[in-house]
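Taken in order, these protein sequences are the chains called A and B.
The numbering of the first sequence is UniProt numbering, which starts it at 1 and goes up by one.
The numbering of the second sequence is UniProt numbering, which starts it at 1 and goes up by one.
The beta-carbon is built from N, C-alpha and C at its ideal position, and this holds for glycine as well.
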Amino acid sequence: MERDDVLEYLLEARETLENIEKDLLHFEKSTLDGSRVDRDLLDTLFRHFHTIKGSSGFFGLTAIVKMAHAAENLLDYLRKNPEDQDEDTLEFLITALDYLNELVEHEESSPSGGDFFSEEQILFLNKLNQKNDSIRLRYMQTPEEVPASQANAEFGLFGDDSANENPKEEFGLFTNIDEPTIAKEFGLFINDSPPKPNEEFGLFLKPDLNTTKERIPKPEENLKNEKKTITKKDIRIDTDKLDSLLDIVGEIVITEPMVTDHPDISKLKLESFQKTALQLKKLIRNLQEITLSLRMVPIAGVFSRMERLVRDTAKKTGKQVKLIISGEDTEIDKSIIEEMYDPLVHIIRNAIDHGLETLEERKEAGKQPQGTIQLTATQSGKEVWIEVRDDGKGLSRERISNKAISLGLIGHSDAETLEDKEVWEFLFYPGFSTAKEVTDLSGRGVGLDVVRKNVTTLKGFVDVFSVFGQGTTFLIRVPLTLAIIEGLVVRKADTYFILPSIDVKESIYISNEPINELYKNNHSIQYRTNQISLVDINLLFGKDSDLNDQRTLKEKYVIVTESHEKQMGIVFDEILGSQSIVIKPISPIFKNINGLAGCTILGNGHAGLILDVRKLISQHLSSVTI
Amino acid sequence: MSQNLKSWDVDTDEDTMKDLYLCFSLEERDYAFEVRHLTEILALPAITTIPGTAPFLKGVINIRGKIIPVMDVRLRFDMIFKPYHERTCVLLVELDGLPLGLIVDTVNDVLKIPQENIDLAPKIGESKSSRFIYATGRVGDTVKILINLQRLLTEEEAHLIKDIPGN
Numbered sequence: 001m002e003r004d005d006v007l008e009y010l011l012e013a014r015e016t017l018e019n020i021e022k023d024l025l026h027f028e029k030s031t032l033d034g035s036r037v038d039r040d041l042l043d044t045l046f047r048h049f050h051t052i053k054g055s056s057g058f059f060g061l062t063a064i065v066k067m068a069h070a071a072e073n074l075l076d077y078l079r080k081n082p083e084d085q086d087e088d089t090l091e092f093l094i095t096a097l098d099y100l101n102e103l104v105e106h107e108e109s110s111p112s113g114g115d116f117f118s119e120e121q122i123l124f125l126n127k128l129n130q131k132n133d134s135i136r137l138r139y140m141q142t143p144e145e146v147p148a149s150q151a152n153a154e155f156g157l158f159g160d161d162s163a164n165e166n167p168k169e170e171f172g173l174f175t176n177i178d179e180p181t182i183a184k185e186f187g188l189f190i191n192d193s194p195p196k197p198n199e200e201f202g203l204f205l206k207p208d209l210n211t212t213k214e215r216i217p218k219p220e221e222n223l224k225n226e227k228k229t230i231t232k233k234d235i236r237i238d239t240d241k242l243d244s245l246l247d248i249v250g251e252i253v254i255t256e257p258m259v260t261d262h263p264d265i266s267k268l269k270l271e272s273f274q275k276t277a278l279q280l281k282k283l284i285r286n287l288q289e290i291t292l293s294l295r296m297v298p299i300a301g302v303f304s305r306m307e308r309l310v311r312d313t314a315k316k317t318g319k320q321v322k323l324i325i326s327g328e329d330t331e332i333d334k335s336i337i338e339e340m341y342d343p344l345v346h347i348i349r350n351a352i353d354h355g356l357e358t359l360e361e362r363k364e365a366g367k368q369p370q371g372t373i374q375l376t377a378t379q380s381g382k383e384v385w386i387e388v389r390d391d392g393k394g395l396s397r398e399r400i401s402n403k404a405i406s407l408g409l410i411g412h413s414d415a416e417t418l419e420d421k422e423v424w425e426f427l428f429y430p431g432f433s434t435a436k437e438v439t440d441l442s443g444r445g446v447g448l449d450v451v452r453k454n455v456t457t458l459k460g461f462v463d464v465f466s467v468f469g470q471g472t473t474f475l476i477r478v479p480l481t482l483a484i485i486e487g488l489v490v491r492k493a494d495t496y497f498i499l500p501s502i503d504v505k506e507s508i509y510i511s512n513e514p515i516n517e518l519y520k521n522n523h524s525i526q527y528r529t530n531q532i533s534l535v536d537i538n539l540l541f542g543k544d545s546d547l548n549d550q551r552t553l554k555e556k557y558v559i560v561t562e563s564h565e566k567q568m569g570i571v572f573d574e575i576l577g578s579q580s581i582v583i584k585p586i587s588p589i590f591k592n593i594n595g596l597a598g599c600t601i602l603g604n605g606h607a608g609l610i611l612d613v614r615k616l617i618s619q620h621l622s623s624v625t626i
Numbered sequence: 001m002s003q004n005l006k007s008w009d010v011d012t013d014e015d016t017m018k019d020l021y022l023c024f025s026l027e028e029r030d031y032a033f034e035v036r037h038l039t040e041i042l043a044l045p046a047i048t049t050i051p052g053t054a055p056f057l058k059g060v061i062n063i064r065g066k067i068i069p070v071m072d073v074r075l076r077f078d079m080i081f082k083p084y085h086e087r088t089c090v091l092l093v094e095l096d097g098l099p100l101g102l103i104v105d106t107v108n109d110v111l112k113i114p115q116e117n118i119d120l121a122p123k124i125g126e127s128k129s130s131r132f133i134y135a136t137g138r139v140g141d142t143v144k145i146l147i148n149l150q151r152l153l154t155e156e157e158a159h160l161i162k163d164i165p166g167n
């Protein structure tokens, strides 16, 4: 078996396992509120486990087969005895899912021939099998349902005669299942021959003719359903290929104005050429949009993984938590989505562990016993806003500022005067944790500082809002995509720079504005109500500022940039306008470059430098104080 | 481009590239390097300066949608900067998979220098530029200075890059 095939299959298996997780969480909801899961969901779950079992058998991953098989048995029983759905069976299924995930992951990272690799897995499997055995026993002992002899005949299918006397041993079959049997069994599905699957399904059926009849069409239906979903399925594309497509499209976008506004033809009157050129422009814009959208996936994948997290965390903390998800259709660059997972896990865990009160506390506060966490995604211009809002106790200003004082971040007198917003900022300080004790869930040194760092590398922001007693909201804002940004193209001497539009606050013309020179290379300008630092790009790159020469200052432009509420003005000679910029990396030959986020090629054929405004601001403001 | 050269290699005589050197001049001296590194020779396009790096790294140029760094070989050899003119050339080379443009005064030609005409360079003092020279090649009455391109980008240079004030 080719390793690539196995890996591809494992990816598929992961998808199926994700679906199982989603369905199990539904299952849980209905179990908890006392209503029973409908037959459809059980069938779907059964089918998923069955798919995993079948395909894994094909690849010889015996551990996965055994685990899925046991889960399948349990589900099959539930299908017939829906009244037996309880937390216990649910827990079994969820644990089985966890182990399956573990096995798949293990197989991906260190192929070991598909066997169990930990004691717990085997113990759990035995437990699950025992559970299956015991319910089967109970189920067979109900005389009107299953006459013993028939049951035996049924199991005789596997040709184990000893089963006649001792059903328990017979069921042992499933624990000790040997490979040839599996192969045979799964061979059924691989060959896709319709009568045999029926037989297999029949295996676990009550030997009641009516039910059997009912069941017979099922497998075919299942097959059909699966085929339907397959035709709708996405295809997987190598990201390298996608990237080179994006590169080429980016180049076309850049070349288009170079051709249509070519200096050789600019003076000619070419009416029909202009018309065609316009058409081409439109098409290229469409092409660019579509290519970009190829990288975009709905955020639902990450969001749905949070359901499980909320469930587990709630369980561990003994709190009742309701997760409300909205905006999961919002699309965002795949590479960004992947980076969002960890920050979200952290924030949501915090929200449940620290934010939400216990049942008693909530009652006292006159709140619903069940805490709510709202996870929302919305698209806002070129950004996606992801909000995690809890209705817990909110942040304690006192505790946070005390902690900040004890860490020496502020003095006692400052603590009084700070705005709430400034106090919350301390949460993002490395090593800052107000948790009283280290718990299983948090306080292990991974703090919100890491969350902010992760989000900042994505050119995003994290902000926190809180009203004491009413809850806390974390707002993450990230760009839709990293490959193309909206930028303001400006010129300084012979060099073209691009400032990412999200960092630009305003551009002003400074012919008559007074500029204060505080000392050499340090200027400031009045902007609205503030004095902001005014810098020359030369200075940022290690040369003397030419702002020292007041005469040259006339007729220059100041771009006011902002990062983390800090503003800085950068002086340029000319503003050329705003456009979409395809980001290209700067060659690794240039080491230790600070303040540049990349390169791009402009319509005039020049290479432009994309400024990393946030870095520039933090660098500059740490060296200069106004 | 480099792939083209490779396939050339295979398709025709295996030795096509062997012993072939690209010769260029700086001041009055003739230099040469193995032609297999060369991808293309270009007229100098507009250079975008990358601030805050070593002076010999002049910046980046746009070559058909690719951003390629360029190095002024004169500055690399500690010669005095000479303004670029119409005949200034960029030799596009690929070193360890990284494309790089070399700015030189004049490109001469491609010459065959057989192995027996190459003499490993003696230790020529402590001069900085001598580190790039590994041998000399006799061509008729003249001597070409053979340079080791890899050395142009050695690690130790990375640390010479100017510190940025305010860091």
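| Query | Result |
| --- | --- |
| Spatial distance of residue 612 of chain A from residue 597 of chain A (CA atoms) | 5 Å |
| Ordered list of beta strand (DSSP E) runs contained in the UniProt domain "CheW-like" (18–158) of chain B, each at least 3 residues | 20–26, 29–34, 38–43, 57–63, 66–72, 89–95, 98–104, 106–112, 118–120, 133–139 and 142–147 |
| Chain A within 8 Å of residue 46 of chain B, Cβ atoms only | yes |
| Under 8 Å (Cβ pairs) to chain B, residues found in the region 396–430 of chain A | none |
| Closer than 8 Å to chain B by CB, residue 263 of chain A | no |
| Extent of the continuous alpha helix (DSSP H) to which residue 26 of chain A belongs | 3–32 |
| Stretch pair the region 63–72 of chain A + the region 27–34 of chain A: three plus CB contacts closer than 8 Å | no |
| CB contact flag (residue 92 of chain B, residue 99 of chain B, <8 Å) | yes |
| Cut-off 7 Å between Cβ atoms - residues of its own chain near residue 235 of chain A, not counting five sequence neighbours on either side | none |
| Neighbour-count burial assignment, residue 273 of chain A, 16 or more Cβ in a 10 Å radius | exposed |
| Length of the line joining the Cα atoms of residue 470 of chain A and residue 365 of chain A | 10 Å |
| Residue span of the alpha helix (DSSP H) that contains residue 65 of chain A, given as start and end | 62–80 |
| CB contact check: residue 97 of chain B to chain A, cutoff 8 Å | no |
| Residue ranges of each alpha helix (DSSP H) within the UniProt domain "CheW-like" (484–622) of chain A, 4 or longer | 537–540 |
| Minimum Cβ-Cβ distance from residue 92 of chain B to chain A less than 8 Å | no |
| Proximal residues of chain A, C-beta to C-beta of residue 49 of chain B below 7 Å | 495 |
| C-alpha gap between residue 38 of chain A and residue 319 of chain A, whole angstroms | 27 Å |
| Per-residue contacts from residue 100 of chain B into chain A (C-beta, under 9 Å) | 587 and 589 |
| Between the CA atoms of residue 25 of chain A and residue 308 of chain A - distance to the nearest angstrom | 7 Å |
| Neighbour flag for residue 617 of chain A against chain B, beta carbons, 8 Å | no |
| Beta-carbon proximity of residue 450 of chain A to residue 347 of chain A, cut-off 8 Å | no |
| Contacting residues, own chain, Cβ-Cβ under 7 Å from residue 78 of chain A (five flanking each side not counted) | 42, 84, 85 and 89 |
| Reference residue 238 of chain A, options A:8, A:281 and A:388, closest by Cα | A:8 |
| Option in A:49, A:76 and A:18 with minimal Cα separation from residue 135 of chain A | A:76 |
| Reference residue 317 of chain A, options A:271, A:371, A:245 and A:344, closest by Cα | A:371 |
| Closest Cα partner of residue 153 of chain B within the set B:107, B:23, B:85 and B:76 | B:76 |
| Chain B within 8 Å of residue 626 of chain A, Cβ atoms only | Low confidence applies here, because residue 626 of chain A scores a pLDDT of 45, under 50, leaving its location unreliable; read the following figure in that light. No, its Cβ sits nowhere closer than 8 Å to a Cβ of chain B. |
| Within chain A, partners of residue 62 of chain B - CB distance below 8 Å | 601, 605, 606 and 607 |
| Contact under 8 Å by Cβ, residue 342 of chain A with residue 298 of chain A | no |
| Beta-bridge partners of residue 385 of chain A, as assigned by DSSP | A:378 and A:477 |
| Beta strand (DSSP E) segment containing residue 342 of chain A, residue limits | Not the beta strand (DSSP E): residue 342 of chain A falls in the alpha helix (DSSP H), residues 334–350. |
| Any C-beta of chain B under 8 Å from that of residue 594 of chain A | yes |
| 7 Å CB neighbourhood of residue 605 of chain A in its chain, flanking five on each side removed | 258 |
| Touching by the beta-carbon criterion (3+ pairs, under 8 Å), the region 104–124 of chain B and the region 50–61 of chain B | no |
| Residue 40 of chain A, enclosing alpha helix (DSSP H) - first and last residue | 39–58 |
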